[in-house]
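Novice: I am attaching a structure below and will ask some questions about it afterwards.
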Amino acid sequence: MKIPGNLSPFSWENRNGYNMQFNKADLEAVFGDESSGETPEERARTSLRIFVRSQAQVAFDNESAKGRRLSSIEALNAFGWGIISNLAYRTATPIICLEGEPGNTIKKRRESLGLSIENLAKAAELSPEILQHLENSTTRVPIRKIENVARLLALDETHLSIHSGANGDHGLGVRLREMIGPTSQDATHFSPSMVLGLSEAAWVIKKQTELQNTAVSYRKLGYVPDHNYDYPAWRSGMRLAAQTREKLGFAIGDPIRGLKDLVEKQLGVPVIQAELNPRFAGATIANGNARGIVLNLRGFNENVWVRRNTLAHELCHLLYDPGQRLAKLLVDEFETIETDPFNLSKVRDVVEIRANAFAAEFLAPQEAVKDVFMGYASHGEGLAAVMEMYGISFSSAKWQVANALRISPSNIDASGVNISPSAEWAAGENFTADYFPIEAAPICRRGRFAYELVKAVDNGLITSDTAAASLGCDGNEFLAKKQMIRSIFE
Amino acid sequence: MISSVSGMAHLIVMTFDEFREKYPARSPKQCLIKNDDELQLMPKEKGVHSFGEHASDMLQSHIPRDFNDRGNIHLWVIAQNDVPFALEQVEWGKGLESGVIKHTNLTGGSDAHCGGELWFIDQESVILGGSSGRYGPQNEQELKDAVNSFAACNYKVAHMGFDEDTGQPFTVLVGEPQWL
Numbered sequence: 016m017k018i019p020g021n022l023s024p025f026s027w028e029n030r031n032g033y034n035m036q037f038n039k040a041d042l043e044a045v046f047g048d049e050s051s052g053e054t055p056e057e058r059a060r061t062s063l064r065i066f067v068r069s070q071a072q073v074a075f076d077n078e079s080a081k082g083r084r085l086s087s088i089e090a091l092n093a094f095g096w097g098i099i100s101n102l103a104y105r106t107a108t109p110i111i112c113l114e115g116e117p118g119n120t121i122k123k124r125r126e127s128l129g130l131s132i133e134n135l136a137k138a139a140e141l142s143p144e145i146l147q148h149l150e151n152s153t154t155r156v157p158i159r160k161i162e163n164v165a166r167l168l169a170l171d172e173t174h175l176s177i178h179s180g181a182n183g184d185h186g187l188g189v190r191l192r193e194m195i196g197p198t199s200q201d202a203t204h205f206s207p208s209m210v211l212g213l214s215e216a217a218w219v220i221k222k223q224t225e226l227q228n229t230a231v232s233y234r235k236l237g238y239v240p241d242h243n244y245d246y247p248a249w250r251s252g253m254r255l256a257a258q259t260r261e262k263l264g265f266a267i268g269d270p271i272r273g274l275k276d277l278v279e280k281q282l283g284v285p286v287i288q289a290e291l292n293p294r295f296a297g298a299t300i301a302n303g304n305a306r307g308i309v310l311n312l313r314g315f316n317e318n319v320w321v322r323r324n325t326l327a328h329e330l331c332h333l334l335y336d337p338g339q340r341l342a343k344l345l346v347d348e349f350e351t352i353e354t355d356p357f358n359l360s361k362v363r364d365v366v367e368i369r370a371n372a373f374a375a376e377f378l379a380p381q382e383a384v385k386d387v388f389m390g391y392a393s394h395g396e397g398l399a400a401v402m403e404m405y406g407i408s409f410s411s412a413k414w415q416v417a418n419a420l421r422i423s424p425s426n427i428d429a430s431g432v433n434i435s436p437s438a439e440w441a442a443g444e445n446f447t448a449d450y451f452p453i454e455a456a457p458i459c460r461r462g463r464f465a466y467e468l469v470k471a472v473d474n475g476l477i478t479s480d481t482a483a484a485s486l487g488c489d490g491n492e493f494l495a496k497k498q499m500i501r502s503i504f505e
Numbered sequence: 324m325i326s327s328v329s330g331m332a333h334l335i336v337m338t339f340d341e342f343r344e345k346y347p348a349r350s351p352k353q354c355l356i357k358n359d360d361e362l363q364l365m366p367k368e369k370g371v372h373s374f375g376e377h378a379s380d381m382l383q384s385h386i387p388r389d390f391n392d393r394g395n396i397h398l399w400v401i402a403q404n405d406v407p408f409a410l411e412q413v414e415w416g417k418g419l420e421s422g423v424i425k426h427t428n429l430t431g432g433s434d435a436h437c438g439g440e441l442w443f444i445d446q447e448s449v450i451l452g453g454s455s456g457r458y459g460p461q462n463e464q465e466l467k468d469a470v471n472s473f474a475a476c477n478y479k480v481a482h483m484g485f486d487e488d489t490g491q492p493f494t495v496l497v498g499e500p501q502w503l
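These protein sequence lines are chains A and B, in that order.
Using my numbering, the first residue of the first sequence is number 16, and each one after it goes up by one.
Using my numbering, the first residue of the second sequence is number 324, and each one after it goes up by one.
Here's what the structure looks like:
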C-alpha cells in the first residue's frame, strides 16, 4: 500500500475522508485471516493477533520476545497503519520517529519537572547510570523499564518513540515545576517525591479517562464552569451545592453515602488515592483533556469523614472552577480545607472559600443539619448525630450547626464527642488502599483504574500484559487476580 | 575458525564456509512470498554484487536511526555458493510487482543460510542488520556469527544487534555502532 506523501503514517484514521482503499492482502497479513472488515480499524477490532514492541520497533508476538505485548487495536492506535502495514513484508519495523527518541522526551520531561536524575532513577527503581544512558540514547533499555519511567512523568507510554514529547501535558509540567523546591514562589514548596506522586496520579487520571471512553462525562451532564465568585463567595458555594444535590437526586435531608463511588460512577471523574506529604489534603489535576481528583490518604484524611470533606471540596473545584483558575493543578492543604467556610478572616482566596462552603453544604445542608441537631438535648449528642447522619467531620459538623443557628462555633459545647467514623462509614468509602489483590500495585493505581483495566482486557481492547504493566505486576498474576479485582468494584 | 587480535579487541572471525557449515541452508518462508516476481533471480548485471569483491559503485549511507529515513539499504544473503547483495531500491526492482527487490530475488527463491540488511558507511565500513523475513537469523548468536563472517572479508563491521524485546534483529541502530 502506498501512503500519500502529504500524510503522516499516523494519520490513517484521517484518511477515511479520502475514501482510501486498503490492500486486502496486507490487512490479512497484518491482522490475520480471522479478522474482517475493509479498514485497518475494522480489522484490528476483529483480530486476535498480538504485537510486541520494544524501544525501537514493533513485531508480531513470538515466544522469544520479552517486550510489551499489545492487542491489534492497541498497536494500530499507537503506531498507525502506515507503520504496522510494513509487517506484511517485514518481521519487524522501526517505530522511532526521530534520532534520540525516546531518550530526548524522557530527559526534557524530567528537566521540565525540575527533577534530578537521582530523584527519577530512585522512583523508577533504576540505577542513575541506566537512566542517563536511556536519556542520551547510548544504550538499549528494555521497554518495560522505559514505560515505568514514562508513567511516573505523566507521559503516555504508548506514544514513546513514536511521538516526540509522548503526549505529555506541557502546562501540567510547568505548573509542577513552579511548585517545586525551596525557591518556589508558591507556598506549597513541593518536594521531588510530591511532584512524582502528583505526576503519576496525573498519568492514572488520563489513562482511567481513556479507558472509560464513552462513559459518563460531567460536562455532558450539564456541570459547567461557574464564574461567580462575588462577595461573599460562600453564598455561591452553597448555591452550587444545592444545585448539585438536586441534579444528583438528593432530597434536602438525604445523606450522601459512597461519595467516591458517586463521583466516579455518576460523574465520570477519576478519584485517585495517593500517599503524599500529610500537610496536603487533595488536588485537582488536568492532564490534557482529562481531569481528576487526587486524595491524600495521609494526614487528617485518615479519618474517612475528613476525607469525604476533602473530596467534596475538590469536586467543587473540578466541576465549577474555570480552567484558568485551576491552572492545570490546584493543591489544597488541610489548613485551607479544614476551616470554617463562613469565617472569611481565615481563608482569603475566593476559590477556596467557595469550595469550602460547597463541601459543607453538599454533604450536610444547613437546613437539615439544624433539624437533626435540635432533636437532641445536649450539644455533644446533637453534633454526634449530625456527624453520623451525614458522614462529616467534627469540625465541619460544628461549623454547619453554628452557621445554621447563626451562633459562634465557640458557643457549642462539644466536649466528649467521639470523632471516629463508624465502621459502616469507613466501609462505604473503601479506597482499596489497605487491601488490594496485587501487592505490588502502587497506591494510586488501586482504585477504579484497576477495574477499568479488567473490563478493557475482557473486551479485548488491551492485552493482559498492558493491564499488568499498568498495575506493576506480571501478566500471570493479573490473570490470576482479575476476578478478585472485578468483585471489589461490582 | 580464525582468531585474531586487533588493537584491544579480541575478535573471533568465522568464514562464510564455516558459517554455512554451522547454519544449514533453509527454504525462504513461503508464507511471506506474495507474488511470483519475488522469486525471480535478479541478473548480476542489474546491480547484484558479491560481498568481498571490489565494487566502487556502492551507495554509501548514513546510519539508520529512525523510520523516516533508513538510508541506502542493501539486502544481503549468505547463499549456498556466494554472498550476493544489492540495493533494495535498485532500478531493476521497480519493475517488480512489489516495486522493490526482496531477499529471494538474490537467490531466485533457492535455499540460503541467512539474510539481512547492510549499509555502507564508507568504503571500508559496513553496518549489518538481520532483518529478513525470508532468511533472517533465528537468534542473536546466528546474527553475531553472520556478522563475524562479513568481518573476515577485511571490512570494518558493526551490527544493529538483536532486540530481546521483540525477539527480532534490530531494524534501526540505538546507541553508537559497536565495531568488531
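Just so you know, even glycine gets a beta-carbon here, dropped at the ideal spot from N, CA and C.
At what residue ranges does the stretch 433-487 of chain A contain a whole run of the alpha helix (DSSP H), taking only runs of 4 or more?
Specialist: Taking only runs of at least 4 residues, the alpha helix (DSSP H) segments lying wholly in the stretch 433-487 of chain A are 438-443, 463-473 and 479-486.
Novice: Compare the C-beta of B:K425 with all C-beta atoms of chain A and state if any pair is closer than 9 Å.
Specialist: To locate residue 425 of chain B, count along the second sequence from 1; it is residue 102. Answer yes: the Cβ-Cβ gap between B:K425 and chain A drops below 9 Å somewhere.
Novice: Output, in chain order, the set of chain A residues within a Cβ distance shorter than 9 Å of B:K467.
Specialist: As a working note, residue 467 of chain B is residue 144 in the second sequence. Simply none; closest approach about 15 Å.
Novice: Okay, do the stretch 215-226 of chain A and the stretch 148-161 of chain A touch, 3+ Cβ pairs below 8 Å being the bar?
Specialist: no
Novice: So that I know if they touch, is there some Cβ in chain B lying closer than 9 Å to that of A:S79?
Specialist: Within the first sequence, residue 79 of chain A is the residue found at index 64, counting from 1. Yes - at least one Cβ of chain B is within 9 Å of the one on A:S79.
Novice: Using the C-alpha atoms, what's the distance from B:K367 back to B:D434?
Specialist: Start at 1 with the first residue of the second sequence, and residue 434 of chain B comes out as number 111. Start at 1 with the first residue of the second sequence, and residue 367 of chain B comes out as number 44. Distance between the alpha carbons of B:D434 and B:K367: 18 Å.
Novice: On the three-pair Cβ rule with 8 Å, is the stretch 69-82 of chain A touching the stretch 121-134 of chain A?
Specialist: no
Novice: For A:K275, tell me which candidate among A:G443, A:F37 and A:A40 has the shortest Cα-Cα distance.
Specialist: Within the first sequence, the letter at position 260 stands for residue 275 of chain A. Here the closest residue by C-alpha is A:G443.
Novice: Going by alpha carbons, who is nearest to B:E499 out of B:R388, B:K352 and B:E341?
Specialist: Within the second sequence, the letter at position 176 stands for residue 499 of chain B. The option with the nearest alpha carbon to B:E499 is B:R388.
Novice: Between A:N311 and A:A289, how many whole angstroms is the CB-CB distance? I'm expecting something under 8 Å.
Specialist: Sequence index remark: in the first sequence, residue 311 of chain A carries index 296 (1-based). Sequence index remark: in the first sequence, residue 289 of chain A carries index 274 (1-based). Confirmed, about 6 Å.
Novice: Kindly indicate which residue of A:Y246, A:G97 and A:Q147 has the alpha-carbon position closest to the one of A:R369.
Specialist: Here residue 369 of chain A is taken as the residue at index 354 of the first sequence, counted from 1. Here the closest residue by C-alpha is A:Y246.
Novice: CB-CB under 6 Å to A:G293, same chain, minus the five flanking residues each way: which ones, in chain order?
Specialist: Numbered from 1 along the first sequence, position 278 holds the residue referred to as residue 293 of chain A. It is Pro, not Gly, that sits at residue 293 of chain A in the sequence shown. Excluding sequence neighbours, A:P293 sits near R313 and G314.
Novice: Enumerate in chain order the residues of its own chain whose CB-to-CB distance from A:K496 is below 7 Å, with the five nearest sequence positions on each side excluded.
Specialist: As a working mapping, residue 496 of chain A is identified with position 481 in the first sequence. Result list for A:K496: P452 and I453, in chain order.
Novice: According to the Cβ coordinates, are A:S50 and A:A40 closer than 9 Å?
Specialist: Residue mapping note: residue 50 of chain A aligns to position 35 of the first sequence, counting from 1. Residue mapping note: residue 40 of chain A aligns to position 25 of the first sequence, counting from 1. Contact: no.
Novice: Give a yes or no on whether 9 Å exceeds the smallest Cβ distance from B:T430 to chain A.
Specialist: Position 107 of the second sequence holds residue 430 of chain B. So no, B:T430 is outside the interface.
Novice: Does any residue of chain B bring its CB to less than 9 Å from the CB of A:Q70?
Specialist: Taking the first residue of the first sequence as 1, we reach residue 70 of chain A at position 55. Under the 9 Å criterion on CB atoms, A:Q70 is classed as interfacial with respect to chain B.
Novice: Let's test the definition: count the other Cβ atoms within 10 Å of the Cβ of A:A202 and tell me whether it reaches 16, buried, or not, exposed.
Specialist: Here residue 202 of chain A refers to the residue found at position 187 when the first sequence is read from its first residue. For A:A202, the predicted structure reports a pLDDT of 47, less than 50, and the residue's modelled location is therefore unreliable. A value from the coordinates is still provided. It is exposed - the Cβ of A:A202 has fewer than 16 other Cβ atoms within 10 Å.
Novice: In whole angstroms, give me the CA-to-CA distance for A:K385 and A:V366.
Specialist: One-based indexing of the first sequence puts residue 385 of chain A at position 370. One-based indexing of the first sequence puts residue 366 of chain A at position 351. Between A:K385 and A:V366, the C-alpha separation is close to 26 Å.
Novice: For a test of the three-state rule: what should DSSP assign to B:D340, helix, strand or coil?
Specialist: Within the second sequence, numbered from 1, the residue matching residue 340 of chain B stands at position 17. Reduced to three states, the DSSP call for B:D340 is helix.
Novice: Go ahead and pull the three-state DSSP assignment for B:P407.
Specialist: Position 84 of the second sequence, counting from 1, holds the residue named residue 407 of chain B. If DSSP states are grouped into helix, strand and coil, B:P407 belongs with the strands.
Novice: With distance defined between alpha-carbon atoms, name the residue in A:K235, A:L468, A:N38 and A:A256 nearest to A:Q227.
Specialist: Indexing the first sequence from 1 puts residue 227 of chain A at position 212. Nearest of A:K235, A:L468, A:N38 and A:A256 to A:Q227, Cα basis: A:L468.
Novice: Anyone know if the C-beta pair for A:N14 and A:G118 falls short of 9 Å?
Specialist: Because chain A spans 16 through 505 in this model, residue 14 of chain A falls outside it and cannot be assessed.
Novice: Name, in chain order, the residues that DSSP records as bridge partners for B:S448.
Specialist: Position 125 of the second sequence, counted from the start, is the residue given in the question as residue 448 of chain B. Bridge partners of B:S448: B:K479.
Novice: Taking only three categories from DSSP, how would you classify A:Q200?
Specialist: If you number the first sequence from 1, residue 200 of chain A lands on position 185. Model confidence at A:Q200 stands at a pLDDT of 48, short of 50, so the residue's coordinates are unreliable; what they give is reported in the following sentence. DSSP places A:Q200 in the coil class of the three-state scheme, outside both helix and strand.
Novice: Expressed to the nearest angstrom, what Euclidean distance is found between the alpha-carbon atoms of A:H174 and A:G186?
Specialist: Locating residue 174 of chain A in the first sequence gives position 159, where the first residue counts as 1. Locating residue 186 of chain A in the first sequence gives position 171, where the first residue counts as 1. A:H174 and A:G186 have their C-alpha atoms roughly 18 Å apart.
Novice: Hey, could you find the ends of the alpha helix (DSSP H) A:I352 is sitting in?
Specialist: As a working mapping, residue 352 of chain A is identified with position 337 in the first sequence. Run containing A:I352: F349 to I352, per the alpha helix (DSSP H) assignment.
Novice: Within the 9 Å Cβ cut-off, does A:T299 reach chain B?
Specialist: The residue given as residue 299 of chain A occupies position 284 in the first sequence. Closer than 9 Å: no.
Novice: So that I know if they touch, is there some Cβ in chain B lying closer than 9 Å to that of A:G490?
Specialist: Walking along the first sequence from the start, residue 490 of chain A turns up at place 475. False, the Cβ-Cβ gap to chain B never drops below 9 Å.
Novice: Please state the DSSP three-state secondary structure of B:V391.
Specialist: Taking the second sequence and counting its residues from 1, the one referred to as residue 391 of chain B is at position 68. Per the sequence shown, the amino acid found at residue 391 of chain B is Asn instead of Val. Coil.
Novice: Kindly indicate which three-state DSSP category A:N316 falls into: helix, strand or coil?
Specialist: Residue numbering aside, residue 316 of chain A sits at position 301 when the first sequence is read from its first letter. Residue state, collapsed to three classes: helix.
Novice: Less than 9 Å between CB atoms is the rule here; does B:K357 satisfy it with respect to chain A?
Specialist: As a working mapping, residue 357 of chain B is identified with position 34 in the second sequence. Closer than 9 Å to some Cβ of chain A, the Cβ of B:K357 qualifies, so yes.
Novice: List, from N- to C-terminal side, the beta strand (DSSP E) runs of 3 residues or more that fit wholly inside the stretch 86-111 of chain A.
Specialist: 107-109
Novice: Using a Cβ-Cβ distance under 9 Å, would B:G394 count as near chain A?
Specialist: Locating residue 394 of chain B in the second sequence gives position 71, where the first residue counts as 1. It does not: the Cβ of B:G394 has no partner Cβ on chain A nearer than 9 Å.
Novice: Might you give, ordered along the chain, the residues of its own chain that have their beta carbon closer than 7 Å to the beta carbon of B:Q412, omitting 5 neighbours on each side?
Specialist: In the second sequence, counting from the first residue as 1, residue 412 of chain B sits at position 89. So the list reads V423, once near-sequence residues are dropped.
Novice: So what does DSSP say about A:R294, is it helix, strand or coil?
Specialist: Residue mapping note: residue 294 of chain A aligns to position 279 of the first sequence, counting from 1. In this structure, A:R294 counts as coil in the three-state DSSP scheme.
Novice: So if I threshold CB-CB distances at 9 Å, which residues from the stretch 486-499 of chain B count as touching chain A?
Specialist: Cβ contacts with chain A: D486, E487, D488, T489, G490, Q491, P492, F493, T494, V495, L496, V497, G498 and E499.
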